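A.B. asks: Residue numbers for the sequence shown follow my numbering, so the first one is 95 and each next one is one higher.
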Amino acid sequence: MMMRYLELLLLLLVVTTDAKIFTRCELAKELFNSGIPKTFISNWVCLIEAESGADTSKVTEFPNLSASYGIFQINSKEWCRKSRKGGECGTRCEDFLTEDIKNDIRCAKVIYNRHGFSYWKGWTSRCKSRPLPDVSKCSYSYF
Numbered sequence: 095m096m097m098r099y100l101e102l103l104l105l106l107l108v109v110t111t112d113a114k115i116f117t118r119c120e121l122a123k124e125l126f127n128s129g130i131p132k133t134f135i136s137n138w139v140c141l142i143e144a145e146s147g148a149d150t151s152k153v154t155e156f157p158n159l160s161a162s163y164g165i166f167q168i169n170s171k172e173w174c175r176k177s178r179k180g181g182e183c184g185t186r187c188e189d190f191l192t193e194d195i196k197n198d199i200r201c202a203k204v205i206y207n208r209h210g211f212s213y214w215k216g217w218t219s220r221c222k223s224r225p226l227p228d229v230s231k232c233s234y235s236y237f
């Protein structure tokens, strides 16, 4: 049990240095630059806001000892591994906690391609068949 607390403390130390809360337009630009079509960006932004509030440092722990990480709340049971590369996305879960969200988007695309938006309960409850965030005034130019 003590080891678990030490892991959490270490994780918090890592998170505090690279964490970021994204704005809608920052998310739209990152998503567009990662190959998400403009027509889907509002759905992705809504999903991110519903799951994490666009906070890269969000970690949700579950009783089954798995946890969900980052802006997409990617779960360690299937998609990533704590402290080492692995899972279906071949990634360390802690890598989803930084302000560089390229690998988060890559993994979220894998999840989406297998399960669609309905995989995320936040999208189902807050985005499906509801008004989506307006990102029409955001700049989508490549950087």
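Built from N, CA and C at the ideal position, the CB exists for glycine as well.
Source: prediction; values computed, not measured.
Reducing DSSP to helix, strand and coil, say where T117 ends up.
C.D. replies: The answer is coil: DSSP assigns T117 none of H, G, I, E or B.
A.B. asks: Just the C-alpha distance for K132 and E124, rounded to the nearest angstrom, thanks.
C.D. replies: About 11 angstroms.
A.B. asks: Following the continuous alpha helix (DSSP H) through Y213, name the residue where it begins and the one where it ends.
C.D. replies: Counting along the chain, Y213 falls outside any alpha helix (DSSP H), and DSSP gives it neither H nor E.
A.B. asks: What are the uninterrupted segments assigned as alpha helix (DSSP H) that are 4 or more residues long and contained completely in the segment 157-219, given in chain order?
C.D. replies: As far as the segment 157-219 is concerned, its whole alpha helix (DSSP H) runs of at least 4 residues are 196-209.
A.B. asks: If you follow the alpha helix (DSSP H) that V153 is in, where does it begin and where does it stop?
C.D. replies: No alpha helix (DSSP H) contains V153, which is instead part of the beta strand (DSSP E) from V153 to E155.
A.B. asks: Give a yes or no on contact between the segment 126-144 and the segment 213-227, applying the rule of three or more CB pairs nearer than 8 angstroms.
C.D. replies: Yes, the segment 126-144 is in contact with the segment 213-227.
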